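These notes concern the structure reproduced below.
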Amino acid sequence: MPLIHDMDRQAAVDLLHRLVTVGVEFKLDDQVTRKRLTPQDIRDLLVTELPEQSTGVHDVAQELVDVVLPLCNNEASPRFLGFGHTGADVSALAAGLLALFAQQNLINQSFAAPSATFTEIAVIRWLRDLIGYPNLPVNEVRTVWDVGGVTTYGGTGSNTTAMLLARENIAPGTMHTGVANAERMHIVVPAGIGHYSVKSALEWIGCGGRIIEVPTRGYRYDLHQLEKTLTERRDEIMSVVAYTGDSRTHTVENLRAVHDIARAVRPEIWLHADACWGLMCAFTPELAGKLDGITAFDSVTVDPHKVMDIPYAMSALLVRDPASLRLVSSYSDLI
Ligand SMILES: Cc1ncc(COP(=O)(O)O)c(C=O)c1O
């Protein structure tokens, strides 16, 4: 494979230009999939042995265009109703292309990513602004602890980070010492509504899948049952998760009521709102009221790749108190 320095400059530009055109045509295609094969046929076509002979860059590109792309779903097709993930915003595609070339490592601002770190901070602040979390004046943003969010690879990553915060909040230092008493680390979710990512997160972070499902009414918490559960199991619960647009029904929780009940029972409970879908409410005055109460939650997951037509992967965990991210920070003198 040629490195960009080894290739004829114009040939590199032409190849990349051609693939951008192929990509635009793919997005504009009315079809969801150009070619349908059985999973076994796709497996046999694509799962090949490590090639013994090298292949030129043009042949590799042609193979991707001829063999792989026709079997890809075009989620931007008007016929596709599976998800909202179209990845069709032209400005985001343009930025994504540039990001591929810029190849910035975000380990630190000084020697690795002089401007990308600040670009990321700006995006986090815009997302905070959209859901109503306050931002410090720019000239007071001096460290990452003044920002109030992290970008992640998806809603799953953001929800997992939220669960880590919930764990450290209820048992500070667990990240250093390990989980000592997982019985304190249950989380509450609405029955049948909770997304699998929070249960997986609990399992990944060593709490075990300690989910308490509270019955719902109209796809929201039954508030009476919520209060009863929180009161009865007060000392076992580290977090209450509420859905601001759940994946099955897109119902938005009664956020203010959930907040008031949980805080009254036990103020330390970490309140997390999964607004992967609900972020869209922030863009229109007709729906903005549905987010009422969200700013009192300790953390909020938003997924621009779901609702803003932005290509994968763009998710963020936003936190009410920016300094709370210190709960999960670790230090290395290497970076
Ligand atoms: C409510 C909700 N939370 C979390 C996720 C996980 O998001 P991602 O696929 O970006 O990891 C989804 C995905 O559909 C979702 O609907």
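Residues in the sequence shown are numbered from 1 upward in steps of one, following this note's numbering. For each residue, glycine too, the CB sits at the ideal point set by N, CA and C. Since the model is a prediction, treat every value here as computed from it, not as a measurement.
Where the alpha helix (DSSP H) containing residue i begins and where it ends
i	result
Ala-102	90-102
Ala-162	155-170
Val-123	116-131
Leu-309	Residue 309 is actually Asp in this sequence, not Leu. From DSSP, Asp-309 is part of no alpha helix (DSSP H); its letter is neither H nor E.
Asp-41	39-46
Ser-200	196-204
Met-7	Met-7 -> no alpha helix (DSSP H), and no H or E assigned at all.
Gln-225	223-232
Arg-263	255-265
Met-175	174-177
Pro-285	285-288
Asp-59	57-63
Nearest-angstrom Cβ-Cβ length linking residue i and residue j, presumed shorter than 8 angstroms
i	j	result
Thr-244	Ile-187	At roughly 16 angstroms, the Cβ-Cβ gap does not stay under 8 angstroms, so Thr-244 and Ile-187 are not in contact.
Val-302	Leu-127	6 angstroms
Ile-211	Gly-194	7 angstroms
Lys-98	Ala-61	A small fix is needed here, since residue 98 is Leu in this sequence, not Lys. Rounded, the Cβ-Cβ distance is 20 angstroms, inconsistent with contact.
Thr-161	Leu-317	5 angstroms
Val-198	Val-189	6 angstroms
Ala-282	Ile-131	6 angstroms
Residues near residue i by beta carbon distance below 7 angstroms, same chain, minus five either side
i	result
Ala-88	Lys-27, Ala-76, Asp-309
Val-307	Gly-84, Trp-277, Leu-279, Met-280
Gly-157	Ser-315
Ala-262	Leu-230, Val-240, Ile-269, Leu-271
Ile-107	Ile-335
Ala-12	Ile-4
Beta-carbon proximity list for residue i, same chain, < 6 angstroms, skipping 5 on both sides
i	result
Arg-320	Asp-298
Ala-201	Asn-159, Thr-160, Met-163
Check whether residue i and residue j have beta carbons under 8 angstroms apart
i	j	result
Tyr-133	Gly-155	no
Met-314	Ser-239	no
Asn-159	Asp-235	no
Pro-311	Leu-93	yes
Glu-168	Val-300	no
Cys-207	Ala-191	no
Arg-79	Val-32	yes
Leu-136	Asp-129	no
Asp-292	Leu-255	yes
Val-22	Leu-45	no
Asp-29	Asn-74	yes
Ala-112	Asn-105	yes
Leu-165	Ser-324	yes
Glu-227	Ala-242	no
Extent of the continuous beta strand (DSSP E) run through residue i
i	result
Ala-273	270-275
Pro-190	186-190
Glu-213	211-214
Leu-317	315-319
Ala-242	237-243
Gly-149	149-152
Thr-301	299-302
Nonlocal neighbours in the same chain, by C-beta distance under 8 angstroms from residue i, ignoring five residues either side
i	result
Thr-231	Val-265
Thr-249	Ile-193, Tyr-219
Ala-102	Ala-116
Lys-35	Pro-70, Leu-71
Glu-63	Thr-55
Leu-15	Val-57, His-58, Ala-61
Ser-330	Met-175
Contact test: residue i Cβ vs ligand 2 heavy atom, cutoff 7 angstroms
i	result
Cys-72	Among the ligands present in this structure, namely ligand 1, ligand 2 is not found.
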